[in-house]
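Using our numbering, the first residue of the sequence shown is number -11, and each one after it goes up by one. One structure is given below, encoded as structure tokens.
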Amino acid sequence: MRNLCLAAELKTELPGTTLSRTAFDLDENVLYAVSERQNSDEQVEVEIWKIVQGDSSTADRPTLLTMFSTHSSGVVSFHFLPDSRQLAILMRAGDITIVNLDDEDSVPQVEGTIDSGILAASWSPDDSLLAIVTGEQKLTLMTSTFDVLSDTPLFTTDFGQDAPINVGWGSKQTQFHGSLGKAAAQAPTVRAVGSSPDDDMLPRISWRGDGAFFVVSSLSPASESMRYRTLRVYDRQAVLQSTSEAVPGLEHAMVWRPSGNLIVGTQRFGFEGGGAGKEGRHDVVFFERNGLRHGEFGLRVGDLSNKAGQTSRRWGYKVKELSWSSDSNILGLWIERDEGDIFQLWTTGNYHWYLKHEMSAPSSGWFTSIRWHPEKALHVILTTSSTIIQRTYGWETHVSPTQPPIDSGTVAVLDGSKVLLTPFRIQNVPPPMSSCELVVPAGAHYTRTPIHASLSPLADTLALLWETGHLELWDLHTRLVPGPGKAMDPSQVLSRSLGTDGACYRQVLVSQSGAIHLLGSTANGHDVVTTVCKDDVSSQTAEMPSQNGRLVMVDGALVVWQTSAGQLFEVHASSVTEICSFPEFCLQAQGVHMESLLFLGLSSAGKLFITAPSRPCRVMASNATSFTVASGFVALTTSNHEAIFVPLASLHALLVPDDNGELVSIPTDWDKRRVERGSRIVAAVSSAMSLVLQMPRGNLETVHPRPLVTEVVRHDLDSREYRKAFLSCRKHRIDLQMLVEHDPEAFFKNLHLFVDQVHEVDHINLFLTNIGQGSQTPENIAKLCDAIRVELEQRDLTKYVNSILTAYMVKSPPDFEAGLALLLRLRESDPHLVEDAVKYIIFLVDAERLFNTALGMYDFSLVLMIAQHAQKDPREYLPFLRELRSLDKFYQRFRIDDHLKRHDTALKNIHLAGPNHFDEAVAYIEQHRLYGQAITIWKDTDQYNNILDVYGDWLFERRDFRQAALVFTKAGILNKAMAAHEKCLEWQELFDLVARTEVPEEDVVDIAYRVAEDLGSKKRHSEAARVLLDYAKDVREAVIALVQGNCFSEARRITTLTGSQQLMEDVIYPGALESRAQISEDIGEMREQLRKQLARLRDLRVKKAEEPDSFYEMDEDRNLHNVDAMTDVSMPVTAFTRYTVAHSSSSSKRTSRSKRKLERKVGRKGTADEEEYLLKSITKLVGRFHATQGDGRQLLPHLAQFTSEHVAEGVALQAELVEFERELVETVDEIWKKDEKEGVEDSWAQRMEEKERRRLVDATERVARPGAKVSEEWRLPDC
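Quick look at the structure:
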């Protein structure tokens, strides 16, 4: 759907010369041209000109580089060799002349001569090989230094190395011929094969784009009665690969498409030796590399042939040469005519060939050469006898800029004298078809293909412009609604020629006011903007500062001219004013008015720029392929095969610096969607919420992007067009919650309008269902459903009964009882509606849930109605209902609630059923653990204590003895309360109850011994001693308990208090020595552990310092465990690798057993976390030693006061503690040592140290240093 437009044209005049060829130096950006002229000595002077290229609007004046003389004219090849920086000129007489550009004098030198002459020559794309057809009909292959690699005859009967193998299958001789018989297979029709009368008899050579093969087109030997052309394909060694089939009427023009899939030629029909067809038929034909035909398309010869035989040619024209653009997208045809040459540009899409452009030769009438730029795909160089014409084209989509509600999305496609029109608002017609085909008759004063087209932003008015300044205006009368009949009915409203002297026009724009703006270039090298009106014969012209610019329309009103460097000027009646600029020229540019004037431009490199007056230019995307503006969005496609939608309202903020003078970064969270590879935007139709994309192969796809749809829906909601918004959301699968969430306050306020417009029951049901399934809170859903339900009930309960039921059912949770209550109301007022309503509510929700809800309402008639319409089996529910009917009211409800698992309600009903059912109630309480509810229900009743008793037993079984004791105490069941207190070792409360219940003395003693034993097992020795002393009256056992708990002071006090001094020798003295021995044993164990772990830590740190890679296991393959989730791409191993569980992005699934095995390995020798494990273990050891120190602090004073043996043991114990304390402190200091660094804070050395420390993952940073230090508080004084 794109058209070629002329972006720039540059003419270089060389008067008095006859130009014949051009060549490019891409490194220096220089164009070389060669000209020939005959001097007075009848010799041919060959001149080589140098033109330094600038931008699209400037180039240096040509300078004569060098010249030389020769005896015969005819430059066959003129080529620049980049490696040697030489120009190679091959003459038809056979001379091969070299011009060395690195030499200051640039003296031409004849490198060699082919005596028989040169008929054709062509260089390979990599400039390493030269293929020549000599006058002896030989094919010669040379290197870039002109060394001959091959020299073979051109004519041969051999097909080539790719000759097909024929085993007879499928041949004509083996086929069935019906009534014609076998004779038909033996009498094939023989047709003469000859060449075209227009054939220039010369061979042609063309290389494939990758340089692997080249093709030679040549006539058969002159000895044959009828000569014809044959294509022969050779490889880089000049070995014949294949030969084409004999094609009658095949002409001399031939070229190989750079992409390599087609070889192109031309074929004539309707004469002896020509193709079988109507006379005058002329085709462009395609061949494959194997020589077989592969399609064709016909030239449009109707306007090429001269009238009344006013020509020396048989058909009035001939195809001189064919050429391809470097990207293989454009096929150029050079056509010779008596009245002047033309150059046609053809493109293809969907297997159709479009004539996109037609250029006539200047006043001289003939071209002398045509060459495409080897890198710039849309840049072509044409020469006449004295002029070099450089033209740069671009791709542009001619789409209607009309705005809603009259936007039609019309796209115009130029195809020769036809304009193919399609309004995408109402139909998508795949190309090459169209909704309307507008045929523009060709005139004698202009070519048949317009140079540019434009559509008006006010209505579908099409403006067509030709290079000569001829202008036509057509009113398309586009239909905007789908339906039968013509989509368009064009009528011409204007046809005029401006006739500006020497101006060449290339662009037309139509503004909202009806003014038509034409852009052209004059002979003095400046652009001119001419403004005309269809009702006024006068025109206004404004001259621009330079040439090769482009017009940009802003919202159909403001006309802006863009220079070839990207500067933007506002065009006035006779002057221009610069407003802003792009960094480079953007052929596709558009201006929009939002908060301010904004300009968007897409460069040839794929950069999408945004700029504004007095603002910097920003790059929105660097990989854009197309863009358009619609529905408040900039829609663009990228080379990543995505469509991005940028809100226009957010663009202005990208150009405004913040308080620090910095621009905000380009967002990356814009709405995106994937599109097919290579998709480009054709048109965006706001009213249809559609975006039309074209794929590389030419087919179209209409999509409805969510941003465009939601923008239109928002506009409809703001306009209170709820029906349009609802239908749009429904059609494009937009969440209907948007109708509410856009403006909740306005929606509730205008709820009556919503119901007025969306009055269909099905639509309201759909809306309510969508709301119920949405993401709103249950409270908001209930509020909205209730509001709609009230509105519907006020209007017509009978009509909207299904919608009202829906409003009940979509709540969260559903209000089943209210819905069923509505059915009961309808049964009273409108019995005929009940059946349908019941069926509908059963459709909405599960019938079983409705049945249970009805049953829970205790209305058996409603239950039966639901069961009957739900088609439940009567054998399933009738016996149950009969049984329920026979029960008392509250017990019946208890059974119903129990069936529905409403245990709380069931418990209340069985309580109301009377005390006769109390035992069943207790069983029900225990079964469903309804103790809390039961306590509330039976409070202040005679059965209350029984409920507490049951509850206490349940707590006791759960071993919640403390709570059980409280419950039993409250219920007055003190024996159970005492048992519970004893179990939880609450001995104070226990003996309080013992005293209150007058337990016998011997039972009290037994209880005291049991409690004391349990307290001792829990290390509560002081409390055990108190119980034994107070309630068992056993002093000895009390002292033993205190000694076991290291409470020697209390033991001595009780011994003195009770006068039991013998216990000092029997219990306290031996107990003190046992405690001292236990502490000494603990110190020995801690010392052994500390020394082993310190030695291992030292080994680990030596290994880490000497072999860090080995320490972190960087070179071990075992790190690659669980590689099932890893890719084949190598990943760099870091110092953190050994600390990870898995090396892939997603952890492998492990069984619980394997996880436990891994946990058991934690801290083992040689594992990754061994060092950290050791540090944690030492930290725990410090805490253990502190506890041991406390025991020593309590024991040492007593050892010093007892016997001499005790004193000696006390001294030894203190020495052991002091020695181990010192060793422990030194060890901690060594492990958690901090190096002292000199220098200023935050120095370079410190930063590097910090970086290295983090790299090595120091374990001491993850394990806090324990608080180990030498203390004097616990020691005995020296006395």
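Backbone N, C-alpha and C define an ideal beta-carbon position, used for all residues, glycine too. In this text the structure is predicted, and so the values were computed from the model without any measurement.
| query | Quick one: Cα of Ala623 to Cα of Ser674, how far? | reply | About 12 angstroms.
| said: Suppose contacts are defined by Cβ-Cβ distances below 8 angstroms. Is Pro113 in contact with Gly199 by that definition? | reply: The Cβ atoms of Pro113 and Gly199 sit closer than 8 angstroms to each other.
Requested in this report: Starting from Cys424, follow the alpha helix (DSSP H) in both directions and report where the run begins and ends.
Outcome: Cys424 -> not in any alpha helix (DSSP H); beta strand (DSSP E) instead, spanning Cys424 to Val427.
- prompt: For Pro635, does the three-state DSSP call read helix, strand or coil?
  reply: Looking at Pro635 - three-state DSSP - the assignment turns out to be strand.
* Asked: Just how far apart, CA to CA, sit Trp111 and Leu370?
  -> Rounded to whole angstroms, the gap between the alpha carbons of Trp111 and Leu370 is 20 angstroms.
**Prompt:** Should Tyr339 be labelled buried (16 or more other beta-carbon atoms within 10 Å of its own) or exposed?
**Reply:** Taking all protein chains shown into account, Tyr339 has fewer than 16 neighbouring C-beta atoms within 10 Å of its C-beta and is therefore exposed.
- Who are Trp383's beta bridge partners in DSSP? The beta-bridge partner set that DSSP reports for Trp383 consists of Leu(-8).
Do the segment 1061 to 1068 and the segment 1038 to 1051 make contact, defined as three or more Cβ pairs closer than 8 angstroms? The answer is no - the segment 1038 to 1051 does not touch the segment 1061 to 1068, with fewer than three Cβ pairs under 8 angstroms.
Less than 8 angstroms between the beta carbons of Met677 and Val652, yes or no? Judged by beta-carbon spacing, Val652 lies beyond the 8 angstroms limit of Met677, meaning their Cβ atoms are not closer than that value.
Restricting to Cα atoms, I'd like to know which of Leu821, Lys344 and Thr372 is closest to Trp354. Nearest C-alpha to Trp354 among Leu821, Lys344 and Thr372: Thr372.
**Prompt:** How would you label Val34, buried or exposed, when you count the other beta carbons within 10 angstroms and need 16 or more for buried?
**Reply:** With 16 or more Cβ atoms within 10 Å of its Cβ, Val34 is classed as buried.
- Item | With 16 other Cβ atoms within 10 Å as the buried cut-off, status of His282 | Using a 10 angstroms sphere on the CB of His282, the tally of other CB atoms stays under 16, which defines it as exposed.
Query raised in the report: Quick one: what's Glu558 bridged to in DSSP?
Result: Glu558 pairs with Val548 and Thr565.
Worksheet item: Val700 to Ser591, Cα distance in whole Å?
Response: Answer to the nearest angstrom: the Cα atoms are 30 angstroms apart.
ask   = How big is the Cα-Cα spacing for Gln1182 and Gln1077?
value = Computed Cα separation, rounded: 25 angstroms.
With DSSP as the reference, identify every bridge partner of Leu585, one or two as the case may be. Beta-bridge analysis with DSSP links Leu585 to His581.
Q.
Is the separation between the beta-carbon of Pro1271 and that of Ser374 shorter than 8 angstroms?
A. For residue 1271 there is no data in the structure shown, the boundaries of the chain being -11 and 1267.
If contacts are defined as beta-carbon pairs under 8 angstroms, then Cys521 and Gly508 qualify, I think. What distance do you get, rounded to the angstrom? Between Cys521 and Gly508 a beta carbon distance of about 18 angstroms is seen, past the 8 angstroms cut, so the two are scored as non-contacting.
### Task
Return the first residue and the last residue of the beta strand (DSSP E) that Leu107 is part of.
Start and end: Ile106 to Trp111.
By DSSP, does Lys295 sit in helix, in strand, or in coil?
Unreliable positioning characterises Lys295 in this predicted model, as indicated by a pLDDT of 48, which lies under 50. A coordinate reading is not provided.
Next on the checklist: Just verifying my parser: in three-state terms, what is the DSSP assignment at Gly320?
Outcome noted: The answer is strand: DSSP assigns Gly320 an E or B state.
Please report the Cβ distance between Leu1061 and His1194, rounded to the nearest whole angstrom; I am assuming they are in contact, meaning their Cβ atoms lie under 8 angstroms. Right, their Cβ atoms sit about 7 angstroms apart.
_To the nearest angstrom, how far is the alpha carbon of Gly337 from that of Leu319?_
Roughly 13 angstroms separates the two Cα atoms.
Use the C-beta contact count for Arg256: other C-beta atoms within 10 angstroms, 16 or more gives buried, fewer gives exposed. Around the beta-carbon of Arg256, 16 or more other beta-carbon atoms lie within 10 Å, marking it buried.
task = Under 6 angstroms Cβ to Cβ from Ser57, same chain only, skipping five residues before and after it: list those, please.
result = Excluding positions up to five away in sequence, the list reads Gln31 and Glu33.
When DSSP builds the beta bridges, which residues end up paired with Val1199? In the DSSP output, where bridge partners are listed per residue, Val1199 has none listed.
query: Mapping DSSP to helix, strand and coil, what is Ala1029?
result: DSSP places Ala1029 in helix when its eight states are reduced to three.
Open item on the list: Could you check whether the segment 792 to 799 touches the segment 755 to 762, counting it as contact only if at least three pairs of C-beta atoms, one from each stretch, sit closer than 8 angstroms?
Closed with: Flag = yes, the segment 792 to 799 and the segment 755 to 762 touch.
Straight-line Cα distance separating Thr385 from Ala(-5):
Each residue's Cα considered, the two are about 14 angstroms apart.
| Out of Glu425, Thr5, Lys660 and Val235, which has the shortest C-alpha to C-alpha gap to Val399? | Comparing Cα positions, the closest option is Glu425.
Put Leu1169 into one of helix, strand or coil per three-state DSSP. When secondary structure is reduced to three states using DSSP, Leu1169 falls in the helix class.
- Identify every residue that forms a DSSP beta bridge with Trp195. For Trp195, which the question treats as bridged, DSSP gives the partners Phe202.
By the three-class DSSP mapping on this structure, what secondary structure does Tyr339 have? Per DSSP, reduced to three states, the secondary structure at Tyr339 is coil, with no helix or strand assignment.
**Item:** Residue(s) in a DSSP beta bridge with Ser483
**Value:** Answer by DSSP bridge pairing, in chain order: Glu460.
On the DSSP bridge assignment, give the partners of Arg1283 in chain order.
Examination of residue 1283 is not possible in this model, given that the chain is present from -11 through 1267 alone.
Whole beta strand (DSSP E) elements within the segment 110 to 138, 3-residue minimum: As far as the segment 110 to 138 is concerned, its whole beta strand (DSSP E) runs of at least 3 residues are 117 to 122 and 126 to 131.
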